[in-house]
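S.K.: Got a structure for you, questions after.
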């Protein structure tokens, strides 16, 4: 009876050994496959720095636009005050003439 199962046991051992060898080989090659060269690290670093610069520039543009809008509002308010003063002055002159 034992002789009947011997080929199955031997094929099972071969299967286990080949699976173990495949896993070991995959485990040793994985770090090599995912390793970065100095050039790749440099490119990744440069891209990060570029993204930071773009974000900073966008914030500066937003600040500038907000500042410009505030200045336009101040200018419009100033012009309204000047018109109002001129209207008051004209009204006084008209009243003097009456």
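In mature numbering (1 follows the signal peptide of the UniProt record, and there is no 0), the protein residues as written are -35 to -1, 1 to 63.
We treat Cβ as the ideally placed atom computed from N, Cα and C, and that holds for glycine.
1) Taking the alpha-carbon positions, what's the residue 54 to residue 63 distance?
2) Residue 47 lies in the alpha helix (DSSP H); which residues open and close that run?
3) How many angstroms separate the CA atom of residue 124 from the CA atom of residue 18?
4) State the Cα-Cα distance for the pair residue 50 and residue 39, rounded to the nearest angstrom.
5) Would DSSP call residue -1 helix, strand or coil?
M.R.: With the structure as the only source:
1) 14 Å
2) 3 to 62
3) Residue 124 lies beyond the stretch modelled for the chain, which goes from -35 to 63, so this question has no answer here.
4) 17 Å
5) coil
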